[in-house]
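Sequences listed follow chains A and B, in order.
Taking UniProt numbering, I'd label the letters of the first sequence as residues 1 to 525.
Taking UniProt numbering, I'd label the letters of the second sequence as residues 1 to 183.
Notes for the one structure printed next.
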Amino acid sequence: MDASTETAAQSGALDATAPSPAVAGSNNARPASNAIVSNTNTAAAAVAAAAVEDDDTEGEGEDVAPRFEDWAGRWDHIDKLLVRRGPFAQPTFEPCVELRDFLLEQCRILVIGAGGLGCELLKDLALSGFRNIDVIDMDTIDISNLNRQFLFRQKDVGQSKALVAAEFVNRRVAGCKVTPHFCKIQDKPEDFYRQFQLVVCGLDSIPARRWINALLVSLVQYNDDKEIVPGTMIPMIDGGTEGNCVLRFLQFSVRLFVGLSFTALFCVAGLLYQGFKGQARVILPGMSSCFECSIDTFPPQTTFPLCTIASTPRIPAHCIEYAKIVLWPQAFPDRALDTDDPEHINWLYLEALKRANEYGIQGVTYRLTQGVVKNIIPAVASTNAVIAAACASEAFKLATGCSSQLNNYMQFNGQDSLYTFTFEYEQKPDCLVCSNIPLDFACSASEPLRALVERLSEQPFQFKAPGIRGLGKTFYMSAPPSLELSTRPNLDRTLAELGLQDGAFLQVADVAVPLPVQLKLQFRP
Amino acid sequence: MINLFSLKQQKKDAAAAGGKKTSAAQLRTQKDINDLNLPSTCKVDFPNPDDLLTFNLAIAPDEGFYKGGLFRFTFKIGPNYPHEPPKVHCEQKIYHPNIDLQGNVCLNILREDWKPVLSINSVIYGLQFLFLEPNPDDPLNKEAAANLRENRRGFEANVTRSLRGGSVENNVFDNCMRSGNSW
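Have a look at this one:
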């Protein structure tokens with residue numbers, strides 16, 4: 001089956017975008033980016049043929065294609081939300097057609113992750129009227145993705161998820177412009193993220209979420225009255241399914257519903273069947289609780305005591321962990337384990353099997369090895385669809401204000417009937433990321449660091465033993481003694497000599513405060 | 001509450017003068033390091049003072065089986081600190097029930113019992129404790145643990161021999177004796 005017939009066969013599922021025959025037939029309705037349209041009528045067939053033809057000469061003149069003109073009534077369903085006021089609209093909402101133009105033409109949205117959630121998100125957003133979409137994913141397509149990551153086909157295996165997903169949506173949804181980025185989120189500079197109005201995450205890792213959360217919080221700027229400068233706050237909508245939230249549910253059931261034993265039971269049962277749970281969350285950096293505020297609700301990854309693994313293994317996972325953390329570094333001291341490399345996994349599997357036989361443990365298999373080493377948790381397509389839909393709705397509401405938004409965390413459990421619960425995460429007063437609003441600190445370029453330390457010992461700080469860093473350097477630390485000694489000469493250097501300029505940031509730690517205070521230097525003229 | 005449409009005109013003029021952003025792990029580490037309060041038997045030093053995420057620890061126990069020795073560890077703090085514990089490695093080959101011959105350390109708070117409320121300080125105290133009270137019930141070096149359990153005198157002799165660079169059960173150990181008060 002070639003790509004175009006396959007896509008056409010799918011049009012039933014994505015019918016909302018199929019142009020009506022009358023308009024699609026008119027001359028100026030040629031899609032900018034190869035929209036595949038329904039083959040069932042002759043008027044559209046010409047467009048489809050053009051699209052197929054374009055496939056052969058891919059990349060030619062794509063960028064200068066004339067702007068796509070929508071067929072009549074294409075956005076009727078969106079206008080219903082935007083040109084009249086609903087009971088749940090935000091107070092500032094003013095119904096108007098300009099809102100639709102903003103959505104279609106100006107609003108730029110970033111989708112992080114083009115996997116299970118990402119595919120759903122891209123489809124949902126593109127069909128909801130978002131047209132300027134960027135998608136970023138460092139991963140390539142694996143054959144095991146194809147059951148649920150529906151923008152990918154077998155021929156795409158091994159290719160970049162972001163590139164293939166973007167190409168598919170551009171081809172399928174007329175006028176939609178998805179720009180792919182095949183890299184890590186950490187590879188992009190701040191300015192890249194600054195260009196978006198919204199960020200939606202379909203991630204499977206906590207570190208990536210923390211990173212993007214911290215970045216978005218750091219982009220928020222405050223004016224002299226400590227109010228957020230409009231436009232510097234980029235809302236983040238975070239979707240997650242299973243894996244990242246399954247254990248979190250367990251903890252919550254204990255924390256929030258003490259006494260409601262049914263919830264606890266429900267969650268214990270949840271460990272038996274995985275993949276049916278998810279969460280959606282809206283984070284307004286600087287305004288609402290951020291991802292880091294609730295990081296403590298994630299338990300650390302299940303780890304086994306090293307001594308158990310080394311001397312008293314009892315379950316297959318112990319043997320696999322032994323092969324991974326003890327045997328691999330011994331055998332290949334210079335080669336990092338690549339959990340995506342089948343040869344590496346096979347080596348671990350054989351070693352784990354040997355050890356299991358030694359201890360009379362049953363059940364070490366290749367699949368289990370892969371599961372333990374990569375921490376694989378089953379994914380369920382419908383859960384992804386539910387969570388992505390919730391996230392896309394929030395994106396739409398945030399972009400237009402047409403309805404009140406999720407406040408601010410929703411959990412979904414489809415495992416045993418349907419259960420959802422919404423509650424508000426509160427900002428953590430000593431959150432390392434979002435409570436760290438820089439304080440202006442008056443000083444001059446010619447004064448020594450010692451003068452600054454002395455002023456920090458006075459009101460309002462009263463720091464007795466500060467540790468000062470900035471620009472990625474350690475300027476002075478009160479402890480430990482070796483570090484104090486080596487940084488002491490800096491106390492007699494002036495701020496200018498230390499390379500500090502007006503507007504530079506310093507981080508000052510002290511026993512008196514739960515986290516380092518951020519100072520923004522304001523040089524006196 | 002918030003409406004992007006109403007904000008869109010005012011977007012950016014943002015190019016901040018900030019420079020590099022400081023990660024949560026760095027902030028927390030800075031706090032941990034500046035708050036270090038160590039006994040005279042422990043000393044940390046930083047090969048590069050600008051990089052607080054990598055440092056060395058030396059422990060010189062003043063009592064117990066390991067009195068007179070000087071033991072060196074490296075600490076590496078990852079970007080997920082304090083959500084994940086620091087990585088600690090013993091740099092010498094030593095004879096200890098809870099430290100294997102490759103330098104891996106079995107200390108509960110470095111793996112299964114790690115919690116973000118713990119700090120670098122607590123890890124250092126935990127390591128020192130291993131030298132004061134080696135734990136035979138949690139062995140990484142099984143022979144040493146069995147010895148400690150069944151033949152305390154023999155274990156003590158083995159430790160003393162190993163500290164001087166001698167061999168125990170066909171393993172030659174590094175000389176870990178402290179010379180005078182040097183670090």
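Backbone N, C-alpha and C fix where the C-beta goes; we use that ideal spot for every residue, glycine too.
Quantities reported herein were computed from a predicted structural model and do not represent experimental measurements.
{"query": "Would you say A/GLY25 lies against chain B (beta-carbon separation less than 8 angstroms)?", "result": "Since pLDDT at A/GLY25 reaches only 36, below the 50 mark, its modelled position is unreliable, and the value read off the structure follows with that caveat. Not closer than 8 angstroms to any Cβ of chain B, the Cβ of A/GLY25 fails to qualify, so no."}
{"query": "Is any beta-carbon of chain B found at less than 8 angstroms from that of A/PRO516?", "result": "yes"}
{"query": "Under 8 angstroms, do A/ILE361 and A/ALA280 count as touching if we go by C-beta distance?", "result": "no"}
{"query": "Please list, in chain order, all residues of the same chain as B/ILE124 whose beta carbon is under 7 angstroms from its beta carbon, the five residues on each side excluded.", "result": "LEU38, CYS42 and LEU57"}
{"query": "At 9 angstroms on the CB atoms, spell out the chain B contacts of A/PHE130, in chain order.", "result": "The contacting residues do not exist; A/PHE130 stays about 12 angstroms from chain B at best."}
{"query": "Interface residues of chain A around B/GLU112 at Cβ under 8 angstroms?", "result": "THR303, PHE304 and PRO305"}
{"query": "For B/SER167 and chain A, any beta-carbon pair shorter than 8 angstroms?", "result": "no"}
{"query": "Give me the chain B residues within the contact set of A/THR474, using Cβ-Cβ distance strictly less than 7 angstroms, ordered along the chain.", "result": "PRO49, ASP50 and LEU52"}
{"query": "Closest Cβ-Cβ distance between A/ALA331 and chain B: below 8 angstroms?", "result": "no"}
{"query": "May I ask which residues mark the beginning and end of the beta strand (DSSP E) holding A/ALA442?", "result": "439-443"}
{"query": "Which residues does DSSP list as the beta-bridge partners of A/MET410?", "result": "A/ALA280 and A/THR422"}
{"query": "Can you pull the chain B residues whose beta carbon is under 8 angstroms from the beta carbon of A/LEU110, in chain order?", "result": "Within chain B, no residue comes near A/LEU110; the closest Cβ sits about 13 angstroms away, beyond 8 angstroms."}
{"query": "Check whether the Cβ atoms of B/ARG164 and A/PRO305 sit closer than 8 angstroms, and answer yes or no.", "result": "no"}
{"query": "Between A/GLN501 and A/ALA445, what straight-line distance do the alpha-carbon atoms span, to the nearest angstrom?", "result": "7 angstroms"}
{"query": "Which residues in chain A sit within 8 angstroms of B/ALA24, going by Cβ to Cβ distance?", "result": "ARG210, ALA214, GLU292, LEU432 and VAL433"}
{"query": "Assign A/GLU454 to one of two classes, buried (16 or more other C-beta atoms within 10 Å of its C-beta) or exposed (fewer than that).", "result": "exposed"}
{"query": "Please report the residue range of the alpha helix (DSSP H) in which B/LYS87 lies.", "result": "It is not in any alpha helix (DSSP H) - B/LYS87 instead sits in the beta strand (DSSP E) that spans 87-90."}
{"query": "Using 8 angstroms as the threshold, is the C-beta distance between A/CYS319 and A/CYS431 below it?", "result": "no"}
{"query": "Just to make sure I have the definition right: I need the residues of chain A whose C-beta is within less than 9 angstroms of the C-beta of B/HIS83. Which are they?", "result": "ILE206, PRO207, ARG210, ILE295, ASP296, PHE298 and PRO300"}
{"query": "Determine, for A/ARG74, whether the minimum Cβ-Cβ distance to residues of chain B falls below 8 angstroms.", "result": "no"}
{"query": "Distance, Cα to Cα, A/ALA174 vs A/PHE102?", "result": "17 angstroms"}
{"query": "Can you list, in chain order, the stretches of the alpha helix (DSSP H) that have 4 or more residues and sit fully within the UniProt domain \"E2 binding\" (441-524) of chain A?", "result": "449-456 and 481-487"}
{"query": "Output yes if chain A places a C-beta closer than 8 angstroms to the C-beta of B/ASN108; else output no.", "result": "yes"}
{"query": "So what does DSSP say about A/CYS391, is it helix, strand or coil?", "result": "helix"}
{"query": "Alpha carbons only, please: which of B/PRO139, B/GLU84 and B/PRO61 is nearest the one belonging to B/VAL117?", "result": "B/GLU84"}
{"query": "For a test of the three-state rule: what should DSSP assign to A/PHE174, helix, strand or coil?", "result": "For the record, residue 174 of chain A in the displayed sequence is Ala; it is not Phe. Coil at A/ALA174, not helix or strand."}
{"query": "For B/ASP62, which residues in chain A fall below 9 angstroms Cβ to Cβ?", "result": "Ordered by position in chain A, no residue passes the 9 angstroms Cβ test against B/ASP62, which lies about 18 angstroms from the chain."}
{"query": "What residues in the stretch 473-504 of chain A bring their beta carbon closer than 9 angstroms to a beta carbon of chain B?", "result": "LYS473, THR474, MET477, SER478, ALA479, PRO480, PRO481, SER482, LEU483, SER486, THR487, GLN501, ASP502, GLY503 and ALA504"}
{"query": "Which parts of the stretch 191-248 of chain A are runs of the beta strand (DSSP E), unbroken and 3 residues or longer, counting only runs that do not cross its ends?", "result": "198-202 and 236-241"}
{"query": "Report all residues from its chain with a CB closer than 6 angstroms to the CB of A/ALA385; omit the five preceding and five following residues, and keep chain order.", "result": "GLU120"}
{"query": "Give the residues of chain E in contact with A/GLN507, contact being defined as C-beta atoms less than 7 angstroms apart.", "result": "Protein chains A and B are contained in the structure displayed, whereas chain E is not."}
{"query": "Quick one: residues in its chain with C-beta nearer than 6 angstroms to the C-beta of B/ALA25, no 5 flanking neighbours on either side, listed in chain order?", "result": "PRO79 and TYR81"}
{"query": "Between the C-alpha atoms of A/PHE88 and A/GLU321, what's the straight-line distance to the nearest angstrom?", "result": "52 angstroms"}
{"query": "Measuring from the CB of A/ILE376, is there a heavy atom of the ligand MG at a distance below 7 angstroms?", "result": "Absence of the ligand MG from the depicted structure is noted, as is the absence of any ligand whatsoever, leaving it without description."}
{"query": "Using only alpha-carbon positions, find the residue among A/GLY118, A/MET287 and A/CYS183 that is nearest to A/ASN408.", "result": "A/MET287"}
{"query": "Let me know the secondary structure DSSP gives A/ILE376 once reduced to three states.", "result": "coil"}
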